[in-house]
């Protein structure tokens, strides 16, 4: 009898996870189409790092984070800092799909008069800090986390870091401070796609052994496949149980993920698709 | 001429401590220089609302930004050289562009740092902070003005830069003085020439005006502590009524307060003018009074300059 119940519970658990994954994968696909369309319409932008971060941002906005699109300034909302600001097409798409603004506005990205600046600005509801100049987001997250502590609020602070920007010294100043202040309410996620503008991170300025660096700075480190929702979500949620320590999830990703000719391509770090490439990309992403 | 010499940074620390008692939203950050910037006065009484970020100014600025997004009124302090010099991009990206409620209050600006030499003597901070949109730039002349200014900026929502020196300065105001952003204060009326000064040079300007008086010249003395927003009205009025302007500041003459005044005059009321300040060179080690002599930051030089401007005026 008990055994049967346990089997049923397990089946339900598996089923609910499968449903969750299906729902999130559908959303991620939608967001990828938005990204390509946004950047194509804008005529400039950063598809590579936007596509690599898609599952991470989707998991945060559509499963993990407590936020209210109808009340973007809700005091107990979880905070998100997109330290790698150039991946904003993904964030904008997630905000629009969450209901912060109309998805039609996505097509105004980078255009004169648009709220959707080329890098995140606080003109947009749901964005708590301007980013763009790399290496600063983790410091801001530390300030937000200290603010939560001062006000005895339970919100969490999530920050998405690019791997290239880990070459900035300020990131490590902030990493030191987060551990010093025992900021267990911070979860940083590294979009470890291994490519930066000029090439492979390990050729340009090597980051490895990256997990050990964060460990040495006093962080709890987990490594996941950054395109697998269960892995991302499990790592984040398990991290919540570890108190008094900031958490980092090194999410191994593929730059340009989801569009064949952009995958693993340095060229598409900061280049829009041309007309033909746009059509191929949208077809691959299930449109047409 | 002056009797009471005090450290503006001490007035800063004391005012912060008072504000801390009055307001729970005041949070103070420092980068390992709290005993020099005097934020220690606040830290000792409110350890929970004080964060010493260590020798990591860029991170300090980012942390200040993050705290400000949660509704705190944040004061971030260190030596002007390190906050402005090292933290410029962070100030621009994370504080001034998002227009966050962070007060960057620095000490040990200018050559009067003395013995530490050029590495520590920032002479370009007013330039760097003034060119940032959304930024306010204030330079107090004495301890009374420091206190009033710190109180005023705590009530103002948005980014502010305040610059103080290391050394003592004479007290020139009494407690009835009020600081208003965008409004300069006229310390002495005069008709022949106007001396517009900031910081430690305000007292030198007053001394110079006394000297000029002995020569029969009536000099107006203006404290332009509100470098941005600049009090254009007072500048234009001075130009119209006195016909000649001398500016005096412990800053590079290139792009300092004097340049801001020159820019207003050239567009709106051109008159003969000259800027006293550091002539676009790095400083050096030395006693601060000797340094002020060497770089012309003296009442004598302000007098000499005023006489030259008067000559050109006629």
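Protein chains in written order, with our numbering: chain A, 1 to 288; chain B, 1 to 314.
No residue lacks a Cβ here, since even glycine has one placed at the ideal position from N, Cα and C.
These numbers were taken from a predicted model, which means no experiment stands behind them.
Cβ-Cβ separation between residue 200 of chain A and residue 255 of chain A: approximately 10 Å, too far for a contact (criterion under 8 Å). With the criterion set as a beta carbon lying under 8 Å from some beta carbon of chain A, the region 127-143 of chain B has no members that meet it. For residue 162 of chain A, there are no C-beta contacts with chain B under 8 Å, since the nearest C-beta of that chain is about 15 Å from it. By the rule that beta-carbons nearer than 7 Å mark a contact, residue 136 of chain A touches chain B.
For residue 110 of chain B against residue 285 of chain B, the beta-carbon gap comes to about 14 Å, at or over 8 Å, which does not count as contact. With contacts defined by Cβ atoms closer than 7 Å, residue 160 of chain A and residue 51 of chain A do not form a contacting pair.
Beyond the five residues adjoining it in sequence on each side, residue 43 of chain B comes within less than 8 Å, by CB distance, of 28, 30, 34, 50, 52 in the same chain, given in chain order. Counting only residues of its own chain and dropping the five nearest sequence neighbours on each side, residue 182 of chain A has a CB closer than 6 Å to the CB of 244. The beta carbons of residue 160 of chain B and residue 187 of chain B sit no closer together than 7 Å. Apart from the 5 residues on each side of it in sequence, residue 77 of chain B sits with its Cβ closer than 6 Å to the Cβ of 30, 37, 39, 105 in its chain, given in chain order.
Taking 7 Å as the CB threshold, residue 130 of chain A lines the interface with chain B. Under the 10 Å beta carbon count, residue 227 of chain A is surrounded by 16 or more other beta carbons and is classified as buried. In this structure, DSSP gives residue 170 of chain B an extended state, which the three-state scheme calls strand. Neighbours of residue 49 of chain B in chain A, taken as residues whose beta carbon is under 9 Å from its own, are 150 in chain order.
Along the length of the region 205-284 of chain B, whole beta strand (DSSP E) runs at least 3 residues long occupy 219-223, 226-228, 244-252, 272-278, reported in chain order. For residue 143 of chain A, the closest Cβ of chain B is nearer than 7 Å. Annotation for residue 130 of chain A: 120, 121, 122 place their beta carbon closer than 7 Å to its own, counting only its chain and skipping 5 residues before and after.
Taking every protein chain shown into account, the CB of residue 5 of chain A has fewer than 16 other CB atoms within 10 angstroms, so this residue is exposed. With fewer than 16 neighbouring CB atoms inside 10 Å of its own CB, residue 74 of chain A falls in the exposed class.
The Cβ of residue 192 of chain B sits no closer than 7 Å to any Cβ of chain A. According to DSSP, residue 160 of chain A shares a beta bridge with A:82, A:189. Shown here for residue 29 of chain A: same chain residues with a beta carbon closer than 7 Å to its own, the five before and five after excluded, namely 285, 286 in chain order. Residue 169 of chain B places its beta carbon less than 7 Å from that of residue 142 of chain B. For a Cβ distance threshold of 8 Å, residue set 62, 63, 65, 66, 69, 94 of chain B lies close to residue 140 of chain A, ordered along the chain.
No residue range can be given for residue 105 of chain A, since it is assigned to no alpha helix (DSSP H) and is classified by DSSP as neither H nor E. In the three-state reduction of the DSSP assignment, residue 222 of chain A falls in the strand class, which pools E and B. For residue 56 of chain A, the three-state secondary structure derived from DSSP is helix. When Cβ-Cβ separations below 7 Å define contact, residue 175 of chain A makes no contact with chain B. Relative to residue 119 of chain B, the option among B:127, B:128, B:108 whose CA is nearest is B:108. Under the 7 Å criterion on CB atoms, residue 170 of chain A is classed as interfacial with respect to chain B.
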